[in-house]
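Right, one structure below, let's go through it.
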Amino acid sequence: MTTANQTARAKYENDFLKEVEANVEEGHWVRMCMQCGVCAGSCPLGDAWAHPPQKLFMMIRAGKREEVLSSDAMWMCTSCYNCIVRCPRKLPITHIVHGLANYAHRLGLAPKGQPTRQTAALFWNNLVKKGRVNELKFSLALYFKDGFGQGIKNALGMQAVGLGLVKAKRLNPMEILGGHGIENLSGFKAMIDKAREIEDRKKGLAG
Amino acid sequence: MADSKFAAYICTGCGIGDTLDVPMLEKIAQKEGKMALVKSHPFLCSTDGVKLIEDDIANEGVTHLCIAACSRRAKVEAFRFPAAAVSRANLREGVIWVVAEGAEHDAVRQEMAEDYVRMGCAEIKKMKVPAGNVKEASSKKILVVGGGLSGMTAALAAAEAGYAVTLVEKSGALGGFANNLWKRVPFAAPYADAQPVGAAELAAKVSGHAKIKVHLNAVVAETSGAPGRFAVKIAQESGGMTDDVCGAIIQATGFTPYDPARLPELGGGQPNVVDQAGLEALAKAADGGPIKRADGKEVKSVVFVQCAGQRDASGQHLPYCSGHCCATSIKQATYFKDRDAGINAVVMYQDLRVPGMGEDFYRSAQDKGVTFVKGRAARVTDGGGACKVDFKDLILDEDTSIEADLVVLATGQVPNAGVNLDEWTATVTAAESGDEAAKTRKDELLKTSVLSLNYRQGPDMPQFKYGFADSHFICFPYETRRTGIYAAGPVRRPMDILQATEDATGAALKAIQAVENAARGRAAHPRVGDLSYPVARLEGCTQCKRCTVECPFGAIDEDEKRFPKFNEERCRRCGTCMGACPVRVISFENYSVDTVGSQIKAVNIPDEFEEKPRILILACENDAYPALDMAGIQRLSYSAFVRAIPVRCLGSVNTIWITDALNSGYDGVMLMGCKKGDDYQCHFVKGSEMAFYRTSKIDDTLKQLGLEPERVLSLEVAITDNARVAKLINDYAEQINEIGLSPMKGFG
Amino acid sequence: MASKEYAFYPGCSSQSKASASNYLTSVNTMCGKLDIKLTEIPDWNCCGASIGYAEGGELPRLALSARNFALTERHLPGKEMVATCAACWLAQREVKERLDHSETLLKETNEALAAAGLQYQGTAPVRHMVEVLIEDLGYDTLKQPVVKPLEGIKFAGYVGCQTNRPFGIAGESFENPLYLDKLVETVGGEAVPYDQKVACCGGALAFSEPEKSQKQIRAIIESAYDHGAEMIVTPCPLCQANVEIYQSEINKKQGTRFNMPVLYYSQLMAVAYGSSAREAGLDGQLIKAARLEEIAGK
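Protein sequence lines correspond, in order, to chains L, R and S. In terms of our numbering, the first sequence opens at residue 1258 and continues consecutively. In terms of our numbering, the second sequence opens at residue 7 and continues consecutively. In terms of our numbering, the third sequence opens at residue 466 and continues consecutively.
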């Protein structure tokens, strides 16, 4: 991992592209981008991207490993899939962007404290604990991700909404004690562990 | 005229009979039109109606007929009577469909219809049935100049269709530029890999074809004559000379790559910087093995710089895009990738343009790992070991660089179109006034000529934009201003092999049409089949040379006595000569100063107290008149004060028509022709431009008559302008209303 | 009406007392009226949703959805899986597509599933409830049980993203799908055209990027108001939650006075089919759909 991080990349010589193709979900599509920019224009949060998908793909081809993996950009994806359906080259852009985010996250190069990065991790950890999402614990974890004080503020800010949901029977305060979950939890966890093990081995992320 | 018998037929179908006073029209045809026979029929274009006319031609001896029905553009087949002269009075599209509905318009509608009947009768009085001019010994052989892929394809296409072909090739072998290529861009599914060129196979077919005579190491030393009778001298390099006669000519003289030495900033001239032709040479030398540079080093990385010396805005290099170079560079990048996927191949483009199925090839190359970078190269430095390309990455918006063993410059195509006629004319003029340098230059120019035409307009066909061989680019790309001579392939516009070979088959077809029309004494495009041709009454000619100069097609020479000499096979029958002639001695049997002039005079001009203006429209039959018809078909109403006369081309408008009209009390004249200028749409190239030029000079005449300049209006009208043309008419009618009626009424 | 039976994948948000419990309530009522039998997949798990990628990576996410298929194949053989949640349906479809097209991924996923004693065979297709309604039943059938047409109510059909892209409903365009409008009209309501029909509400970024997400939500609600809608109707639980829940936030922060009810298509159908407000899950609305409650109460 460290060596990969430190390797100097020659410009426009495809070393990083090859790394992306090998290690990033659907990464083999990056070479097929024709740089039309329709994805950038179709993204609901397009203005918020430091580098729209089109540019990310060009940066990969130009060998800009550090800049790509430490970019805030792919964390702006709302998974609306607009880029996928509009891409004239049929690139699975949403998946590539997710894959890049995951790769950057796993390499530890993604920006620290990036809110979507944190949210995504909390969500996953929440769901693998019981096999199903515990919405109350997920919300609380979100409120407190920036520390206890900020968490109280966040929680108070959304208190009315929370109470409304409880009243509408759409939030169960008892979930704090356990809540929804699956029965065969050990089998489930073994499955997730195995999947992760295979993936990490394939992508050289083990350890 | 003893044997002439005139008849008028009025159709009452399509609402004509319901809307108009037909008995009155019949009376006018008889009394004022002086028609010997006048008949009405409820459905004239039906078998029954047509038979009525045919019977009258057969039994009553009718020779001239005026059909008062729909537009001359409608029911063309039904109303085709080859033995008779036919005029058409447009009562449907021209009257009942365009005059506003309602009883309050009944009077003006009827007046309009009556005038059109008067005009139709007046016109037919002046028309003759064209006899045609069939030539006894017309050649159907086709000369192809240039033995590259375009020329060979054209020769083979014509030969396979049964026509004898003479092919003249300057070099010692057939194949042209394609002989330099290792492979060609894919032209068959799945468009994924470069394909064999196939030039040698094609050359073998051409050389072995019984109908094709190939002259290698030969050039055309002289061409004279016209379609159906071009006399050609073919000069061999060895000094021999062959005489040949052919009916049409295809010029397929190809292109020369833009010289990379003119691009020193991009490394042009440096050993490890080549153009695309240079890369083909390296690939051919490698013969499937690793591609090596001039110094023998195996190429492990290559950068293709697109648009090198092309699409240049600075004025130093080619301003245009050569169209093929993106696909060519993609192909060349796959030369490397197909052999060794580890070789880094970068295509640096500004806009990747891969027409046709090129998009599939582009995808295939991406899949093979060719890197595409949208960037603009600023500088290429050949360091001996490696070349450095400094460029701006246009996506990442930064200045950066790439190193590579070899750099390929995608330079453009420069047409081999022969002598530039503008320079030719200037040189000849200077030489004639005794300039010795000009005389030398003239000889030099002649040596670079492709066709060596002995036309008074110069030795080659006119050049189009950027020095490409002539083309009616927007409407009829194969057409040139030299009848029976067609350009094909990259000499006509930049193109790739697939386009060039398709272009060549098209040119072969045009050439075949030309020899067939010439043999039948008929016009070529766009008045295909027209048997009329211009005749000059030489006793009235003042030898002013306007007709010879203004003919867009170089159809008119001068005879020994300096009178105009018409090469009618070169003539397209536009009538620009007729429009040019100040003494009005040029005419066609079925179209003349009189056929139109008599129509203008036939219109009944109300006196000034009736407050009914009359506006004459002279409308080009190719675009403006159809637009007027279509306005009718769409029931767009326009002023009933206009009277429209179709003309072959606005170039055929003789200014006498305009002054006659104004003299006889018309209140305004609208001239409607096609778009002129660089992107002209005039079927006859210069006709509309000439007309605009001539009417710009009419102001003096108007002043003499004491008339406002607004009384003559020249307009460009496209065939799609049906809505616009109605508005133009109404606006002009309003303008005339504001200016007031012409003071000339009652003097005509 | 022919009885139809499916393997039901309710998803985390549609469990009882979860954020889309009103969706579940109304779906159950609607299916009862249409004689559709839903058998819950035993021990189903979370699909990972779209936000699961960052920590979950590819193969663990494939395993999640593959496990749901494997359970369906084992316990409810021959049944099609039906999901009501857009994200669940999308995740299952994506995974199925990827496993059915890559032998490597199939092998690796089954290796992981084996650790849970399961195997994915690829025999069970996955459908969205909307597909069941319009493809298996059809609009004519859906119209039959209507006893209280929702006359005079104008709805903005908010299709959103994940039931629309990248798969969508067969025969519909990505830019202007019409099925939701047709469903509204089937139950007697009026569908208003508006320009935010397939816009994104911000999805899971409602949590992490509230300002950006609320800008999206505001645009959707404003456009619905501007085009005369009284209520928004959607097939997606996350769309419903985001567009309904954050109205009070936006009002508070930006001084707007949004009060636009956001419903599920199944709630409209339940009411039109004569069910009570409670059976239609209307008591689960944060912003009350007063006119629907009125019709349900008649």
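For every residue, glycine included, the Cβ atom is placed at its ideal position computed from N, Cα and C. In this text, all values refer to a predicted model and were calculated from it rather than measured experimentally.
Under the assumption that L/E1432 contacts L/E1392 (Cβ atoms under 8 Å), give the Cβ distance between them as a whole number of angstroms.
Residue 1432 of chain L sits at position 175 when you count from the first residue of the first sequence. Residue 1392 of chain L sits at position 135 when you count from the first residue of the first sequence. Indeed they touch by this definition, with Cβ atoms about 7 Å apart.
When the cut-off is 8 Å and only beta carbons count, does L/H1362 lie next to chain S?
Position 105 of the first sequence holds residue 1362 of chain L. It does: the Cβ of L/H1362 has a partner Cβ on chain S nearer than 8 Å.
For S/S478, I'd like the list of residues in its chain whose CB is within less than 7 Å of its CB, leaving aside the five on either flank, ordered along the chain.
Sequence index remark: in the third sequence, residue 478 of chain S carries index 13 (1-based). Excluding positions up to five away in sequence, the list reads S484, A485, C550 and P702.
Taking the alpha helix (DSSP H) that S/T606 belongs to, which residues open and close that run?
Indexing the third sequence from 1 puts residue 606 of chain S at position 141. Segment Y604 to K608, the alpha helix (DSSP H) holding S/T606.
Along the alpha helix (DSSP H) that carries R/T601, what are the first and last residues, could you check?
Within the second sequence, residue 601 of chain R is the residue found at index 595, counting from 1. Element bounds for R/T601: V599 to A608.
Taking only the alpha-carbon atoms, compute the straight-line gap between R/F310 and R/T417 and give it to the nearest angstrom.
The sequence position of residue 310 of chain R within the second sequence is 304, counting from 1. The sequence position of residue 417 of chain R within the second sequence is 411, counting from 1. Using only the alpha carbons, I get a separation of about 11 Å.
Are there 16 or more other CB atoms within 10 angstroms of the CB of R/A113, so buried, or fewer, so exposed?
On the second sequence, residue 113 of chain R is found 107 positions in, with the first residue counted as 1. Counting Cβ neighbours within 10 Å, R/A113 comes out exposed, since fewer than 16 surround it.
Taking Cβ-Cβ distances shorter than 9 Å, what residues in chain L pair up with S/E505?
In the third sequence, residue 505 of chain S corresponds to position 40, counting from 1. None at all; the shortest Cβ gap to chain L is about 12 Å.
Could you have a look at R/E595 and say whether DSSP puts it in helix, strand or coil?
Counted from its first residue, the second sequence places residue 595 of chain R at position 589. Reduced to three states, the DSSP call for R/E595 is coil.
Taking 8 Å as the CB-CB cut-off, is S/S567 touching chain L?
The residue labelled residue 567 of chain S in the question sits at position 102 within the third sequence. Output row for S/S567: interface = no.
Using a Cβ-Cβ distance cut-off of 8 Å, determine whether S/R558 contacts chain L.
If you number the third sequence from 1, residue 558 of chain S lands on position 93. S/R558 does not count as touching chain L.
Determine the direct distance from the alpha carbon of L/G1370 to that of L/G1414, and round the result to whole angstroms.
Translated into the one-based positions of the first sequence, residue 1414 of chain L becomes position 157. Translated into the one-based positions of the first sequence, residue 1370 of chain L becomes position 113. Straight-line Cα distance between these residues: approximately 21 Å.
Which of helix, strand or coil does DSSP assign to R/Y761?
Chain R is shown only over 7 to 754; residue 761 of chain R falls outside these bounds and no answer can be derived.
Would you decide whether R/L544 is buried or exposed? Buried here means 16 or more other CB atoms lie within 10 Å of its CB.
Within the second sequence, numbered from 1, the residue matching residue 544 of chain R stands at position 538. It is exposed - the Cβ of R/L544 has fewer than 16 other Cβ atoms within 10 Å.
Is the CB of R/L402 under 8 Å away from at least one CB in chain L?
Walking along the second sequence from the start, residue 402 of chain R turns up at place 396. Judged by the 8 Å Cβ criterion, R/L402 is in contact with chain L.
Fully enclosed by the region 113-188 of chain R, which beta strand (DSSP E) runs are 3 residues long or longer?
Counting whole runs of 3 or more residues, the region 113-188 of chain R contains the beta strand (DSSP E) stretches 148-151 and 171-174.
Only counting the same chain, and skipping five residues up and downstream in sequence, which positions put a Cβ closer than 6 Å to that of L/A1261?
Along the first sequence, read from residue 1 onward, the residue named residue 1261 of chain L stands at position 4. Because the pLDDT of L/A1261 is 43, which lies under 50, any placement of that residue in the model is unreliable, and the question is left without a value.
Nearest CA to the CA of R/P558: which residue from R/L50, R/G108 and R/M696?
On the second sequence, residue 558 of chain R is found 552 positions in, with the first residue counted as 1. Taking only the C-alpha atoms, the option nearest R/P558 is R/M696.
Of all Cβ atoms in chain L, is any one closer than 8 Å to the Cβ of R/R822?
Nothing can be reported for residue 822 of chain R: it is not among the residues displayed for chain R, which extend from 7 to 754.
Tell me which residues share the same chain as L/C1293 and place their Cβ nearer than 7 Å to its Cβ, disregarding the 5 neighbours each side in the sequence.
The count along the first sequence starts at 1 and reaches residue 1293 of chain L at position 36. So the list reads P1345, once near-sequence residues are dropped.
For R/Y484 and R/P500, I'd like the C-alpha separation in whole angstroms.
Residue mapping note: residue 484 of chain R aligns to position 478 of the second sequence, counting from 1. Residue mapping note: residue 500 of chain R aligns to position 494 of the second sequence, counting from 1. Between R/Y484 and R/P500, the C-alpha separation is close to 14 Å.
My output table needs one value for R/S328: the three-state DSSP class, helix, strand or coil.
As a first step, residue 328 of chain R must be located in the second sequence, where it is residue number 322. Here R/S328 sits in coil by DSSP.
R/I401 and L/K1312 - do their beta-carbons sit closer together than 8 Å?
In the first sequence, the residue the question calls residue 1312 of chain L occupies position 55. In the second sequence, the residue the question calls residue 401 of chain R occupies position 395. In contact: L/K1312 and R/I401 (Cβ atoms closer than 8 Å).
Can you name, in chain order, every residue of its own chain whose Cβ lies under 8 Å from the Cβ of R/K571, other than the five neighbours on each side?
On the second sequence, residue 571 of chain R is found 565 positions in, with the first residue counted as 1. I562, D563, E564 and D565.
Assuming R/L451 is part of the alpha helix (DSSP H), what are its boundary residues?
Locating residue 451 of chain R in the second sequence gives position 445, counting from the first residue. Here the alpha helix (DSSP H) through R/L451 covers E442 to K453.
Helix, strand or coil, according to DSSP, for R/I664 in the structure here?
The residue you call residue 664 of chain R lines up with position 658 of the second sequence. Looking at R/I664 - three-state DSSP - the assignment turns out to be helix.
Looking at chain L, is there any beta carbon in it that lies within less than 8 Å of the beta carbon of R/Y341?
Taking the first residue of the second sequence as 1, we reach residue 341 of chain R at position 335. False, the Cβ-Cβ gap to chain L never drops below 8 Å.
Rounded to a whole number of angstroms, what is the C-alpha to C-alpha distance between S/Y644 and S/D601?
Taking the first residue of the third sequence as 1, we reach residue 644 of chain S at position 179. Taking the first residue of the third sequence as 1, we reach residue 601 of chain S at position 136. Spanning the two alpha carbons is a distance of roughly 14 Å.
For R/V534, count neighbouring C-beta atoms within 10 Å of its own C-beta (all shown protein chains included) and say buried if the count is 16 or more, exposed if not.
As a first step, residue 534 of chain R is located in the second sequence; it is residue number 528 there, counting from the start. It counts as exposed.
Of all the options R/T248, R/N223, R/L721 and R/K219, which has the alpha carbon lying nearest to the alpha carbon of R/T229?
Reading the second sequence from its first residue, position 223 is the one you call residue 229 of chain R. The shortest Cα separation from R/T229 among R/T248, R/N223, R/L721 and R/K219 belongs to R/T248.
Quick check: what's the CA-CA separation for R/A530 versus R/R488?
Translated into the one-based positions of the second sequence, residue 530 of chain R becomes position 524. Translated into the one-based positions of the second sequence, residue 488 of chain R becomes position 482. Looking at the two C-alpha atoms, the distance is approximately 11 Å.
Would a check of beta-carbon distances place L/Q1375 closer than 8 Å to chain R?
Stepping through the first sequence from its first residue, residue 1375 of chain L is reached at position 118. Not one chain R Cβ lies under 8 Å of L/Q1375.
Anyone know if the C-beta pair for R/G490 and R/A520 falls short of 8 Å?
Within the second sequence, the letter at position 484 stands for residue 490 of chain R. Within the second sequence, the letter at position 514 stands for residue 520 of chain R. It is a contact, given that the beta carbons lie within the stated cut-off.
By the three-class DSSP mapping on this structure, what secondary structure does L/E1392 have?
Residue 1392 of chain L sits at position 135 when you count from the first residue of the first sequence. In this structure, L/E1392 counts as helix in the three-state DSSP scheme.
Could you check what DSSP says for R/A475 in three-state terms: helix, strand or coil?
By one-based count along the second sequence, residue 475 of chain R stands at place 469. Three-state result, R/A475: strand.
Where do the N-terminal and C-terminal ends of the beta strand (DSSP E) with S/E505 fall, by residue?
Mapped onto the third sequence, residue 505 of chain S falls at position 40. Here the beta strand (DSSP E) through S/E505 covers I501 to E505.
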